[in-house]
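*Asks:*
In mature numbering (1 follows the signal peptide of the UniProt record, and there is no 0), the protein residues as written are -20 to -1, 1 to 677.
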């Protein structure tokens, strides 16, 4: 069914590309027209955005604010992958995914589903092509009694992820609603105990890691007839484990609290991981009920003793890892019966010597960081097929002569403190091709004959004494350079004058004296060329600077002349404007006579009185009226004033003042009359003045 849907989808995609149909993309989203995908995460959406193409195949709506499945999601009938993780979904209705017959992957992780009944059981039935469902990181807690009677169902589902869902119990009939389920992930749930007997004919992968399990039913997985992989890792409260399964092939019990190797009956088990536990002893026939084991990982335990028959039942084992334990001795025949064993890791133990192990199939042996101080020349004789031996980071000061291993090709002796080698050290290793002697205490005395047939040699980080005058040292250097590997990384430790230099730089003057003279002459020639080039460059720069200064001076002169011309032009414009403004002021200046203000009263009284002609009868009448008005006012003032008695001595002074005032008034009146006769304009002005002085009375 899925194959038919994928073929139809591919044909539709090809048709779309041929017809050049445009793939619409909503705002603030990213789209891929080739994959027909639309990504709208981190947009704060609460509903589907406008503009999603109807033929979209992959839709990512993660990291938004959805509280329910959008009803319009059903319009995208060709949707295959829907991601709504990291939202705020609270429930799934029956018709939430109606008409999405092609939906294959549904991710609803990191939402707010609190109860299993929030997920309508019919919602999954309406998805006939769904094979992957992710409900991880939802606070679903346990399986309620109602859920047991109305479980979720999906005939097509193959992978179900329930990681960190706060599940505290598992029922026996959990898997009955998923007849085709192959993978069930239940890690990071506080189960504490697995008392149910799970039943499924299709389940192949079960993950119960980090679930705080303390005990398990012995037949908890026996009814999972197709189970191949079971992970119980990181259940730190699990001290004992016992199970039966005819189909299980891989069992992971790493980082638990096991003190003994589990008593299991797993005839088809091929991989067993027991690292990170508290195993101390591997007794005989420990793996009797697991004869099909191929890979056994017992690393990072506290194993001190291994029985000689501990691995005897394992006829098909390929790899045994015993690293990071406290093993001090291993019986020679421990792996003698393991005819298919090819890799053995004993690194980081407490073996003070290389044990003479016996194995006709072993090809790779790791004895690094084991505090080994001694190695016998016959230690590897019983390993006829050994090809790689790692003895690095031990306390081996010297290698015995004629160390024998007919098939050994790679030997790692780095950082062991070795200070000497001789021609017999590696002579019994006819197949040796790679030797690592870096980080030791070798100083000198090595010869090419010590490394017969070796094609890769690492001698870095040793205390080399660079005896440049030694012919053997020169021959060994040339052999390293042209036959084995580059010597650029080899540095001298002594003498002090060449400490830190590479072999070539330290001995170059002695090894190539003629070349040094030629080099010196070459350097002199080079320096002469450099000096001449420098002089020519300086001369060219000087000439260019002189030309630049001259050009700059000419440019400044031109700019100065232009500036003066501009100033002269501005001055002329200013003078012309000033002349125009002066003429305008003169034309519009007021008549000086208009600027004269009328005389004050005292001035008017002091002016000569004009002699009016017959034509000025009106003015005479006005003057007569003014006088009559003045006399009228004087008479009234005399009537209203109360007569006071005055002293005789003041009466004469008053009379003199009155006579003076009358004389002044008569003089001013005469002047006024005289001016009126001479200036008619003044007469008219005085008439106006007298009228203003007289006022409305």
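Note that the Cβ used here is the ideal one computed from N, Cα and C, for glycine as well.
If distances are taken between C-alpha atoms only, which option among 543, 272 and 257 comes closest to residue 305?
*Replies:* Residue 305 has its Cα closest to that of 257, out of 543, 272 and 257.
*Asks:* Would you mind working out which of 337, 462, 443 and 514 sits nearest residue 481, comparing C-alpha positions?
*Replies:* With distances taken between Cα atoms, residue 481 lies closest to 443.
*Asks:* In whole angstroms, give me the CA-to-CA distance for residue 362 and residue 339.
*Replies:* About 6 Å.
*Asks:* State the DSSP-derived secondary structure class of residue 300, mapped to helix, strand or coil.
*Replies:* Strand.
*Asks:* Would you mind listing the beta strand (DSSP E) stretches within the region 325 to 384 that are 3+ residues and don't spill past its ends, in chain order?
*Replies:* Listed in chain order, the complete beta strand (DSSP E) runs (minimum 3 residues) inside the region 325 to 384 are 344 to 346 and 368 to 370.
*Asks:* Output needed for residue 261: all residues of its chain with C-beta closer than 6 Å, excluding positions within five of it in sequence on either side, in chain order.
*Replies:* Only 285 meet the Cβ criterion.
*Asks:* At the level of alpha carbons, what is the spacing between residue 471 and residue 413?
*Replies:* Roughly 24 Å separates the two Cα atoms.
*Asks:* Would you mind reading off the limits of the beta strand (DSSP E) that contains residue 472?
*Replies:* Segment 472 to 474, the beta strand (DSSP E) holding residue 472.
*Asks:* Suppose you measure from the CA of residue 275 to the CA of residue 169; what does that come to, to the nearest Å?
*Replies:* If I take the Cα positions, the gap works out to 29 Å.
*Asks:* Keeping to the same chain, check which residues put their C-beta closer than 6 Å to that of residue 241; ignore five residues upstream and five downstream.
*Replies:* Excluding residues within five positions, the ones whose Cβ falls inside 6 Å are 266.
*Asks:* Taking DSSP's pairing of strands, which residues face residue 436 in a bridge?
*Replies:* Beta-bridge pairing links residue 436 to 414.
*Asks:* Using the C-alpha atoms, what's the distance from residue 519 back to residue 509?
*Replies:* Taking the straight line from one Cα to the other gives about 15 Å.
*Asks:* Put residue 209 into one of helix, strand or coil per three-state DSSP.
*Replies:* Strand.
*Asks:* Under three-state DSSP, which class holds residue 557?
*Replies:* Three-state DSSP puts residue 557 in a helix.
*Asks:* Check residue 101 in the structure and name its three-state DSSP category.
*Replies:* Helix at residue 101.
*Asks:* Among the residues of its own chain, which have a CB less than 6 Å from the CB of residue 255, if the five just before and after it don't count?
*Replies:* 234, 277, 279 and 280, listed in sequence order.
*Asks:* Tell me the rounded alpha-carbon separation between residue 399 and residue 445.
*Replies:* Rounded to the nearest angstrom, the two C-alpha atoms are 12 Å apart.
*Asks:* Just to confirm before moving on: does the CB-CB distance between residue 60 and residue 37 stay below 8 Å?
*Replies:* Taking 8 Å as the Cβ cut-off, residue 60 and residue 37 qualify as a contacting pair.
*Asks:* Residue 89 and residue 116: beta carbons closer than 8 Å?
*Replies:* Taking 8 Å as the Cβ cut-off, residue 89 and residue 116 qualify as a contacting pair.
*Asks:* Have a look at residue 375 and residue 312 and give me their C-alpha separation to the nearest angstrom.
*Replies:* Rounded to the nearest angstrom, the two C-alpha atoms are 22 Å apart.
*Asks:* Should the region 16 to 30 be regarded as contacting the region 72 to 89, the criterion being three or more beta carbon pairs within less than 8 Å?
*Replies:* The region 16 to 30, when compared against the region 72 to 89, does not touch it at the 8 Å Cβ threshold.
*Asks:* Can you tell me which of 332, 464, 366 and 371 puts its alpha carbon nearest to the alpha carbon of residue 354?
*Replies:* When only C-alpha atoms are compared, the closest one is 332.
*Asks:* Assuming contact is defined by CB atoms lying nearer than 8 Å, are residue 215 and residue 236 in contact in what I supplied?
*Replies:* Cβ distance < 8 Å, so residue 215 and residue 236 count as in contact.
*Asks:* Return the chain-ordered list of same chain residues with a C-beta closer than 8 Å to the C-beta of residue 15, the five sequence neighbours on each side being excluded.
*Replies:* Contacts found: 37 and 38.
*Asks:* With H, G and I counted as helix, E and B as strand and the rest as coil, what does DSSP make of residue 464?
*Replies:* The answer is helix: DSSP assigns residue 464 an H, G or I state.
*Asks:* Would you kindly check if the distance between the Cβ of residue 120 and the Cβ of residue 77 is under 8 Å?
*Replies:* Against a cut-off of 8 Å, the Cβ pair of residue 120 and residue 77 comes out as no contact.
*Asks:* Exposed or buried, residue 533, counting other C-beta atoms within 10 Å across all chains shown (16 or more means buried)?
*Replies:* Under this definition residue 533 is an exposed residue.
*Asks:* Alpha carbon to alpha carbon, how far is residue 377 from residue 351?
*Replies:* C-alpha separation (whole angstroms): 12 Å.
*Asks:* I need the DSSP call for residue 173, collapsed to helix, strand or coil.
*Replies:* If DSSP states are grouped into helix, strand and coil, residue 173 belongs with the strands.
*Asks:* Would you call residue 292 buried or exposed, if buried means 16 or more other Cβ atoms sit within 10 Å of its Cβ?
*Replies:* Answer is buried; the Cβ neighbour count reaches 16.
*Asks:* I think residue 114 touches residue 141, with their Cβ atoms under 8 Å apart; what is that distance to the nearest whole Å?
*Replies:* Between residue 141 and residue 114 the Cβ distance is about 4 Å, and since that is below 8 Å, they are a contact.
*Asks:* Considering only residues of the same chain and omitting the five flanking positions on each side of residue 358, which have a CB-CB separation below 8 Å?
*Replies:* Cβ neighbours of residue 358 beyond the five flanking positions: 336 and 384.
*Asks:* Let me confirm a value: residue 388 is counted as buried when at least 16 other C-beta atoms fall within 10 Å, else exposed. Which label applies?
*Replies:* That one is buried.
*Asks:* Have a look at 429, 396 and 174 and flag the residue whose alpha-carbon is nearest the alpha-carbon of residue 410.
*Replies:* Cα-wise, what sits closest to residue 410 is 429.
*Asks:* Determine which residues share a DSSP beta bridge with residue 165 and list them.
*Replies:* Its beta-bridge partners are 141 and 187.
*Asks:* Which one or two residues does DSSP pair with residue 251 in a beta bridge?
*Replies:* According to DSSP, which records beta bridges pairwise, residue 251 is partnered with 230 and 275.
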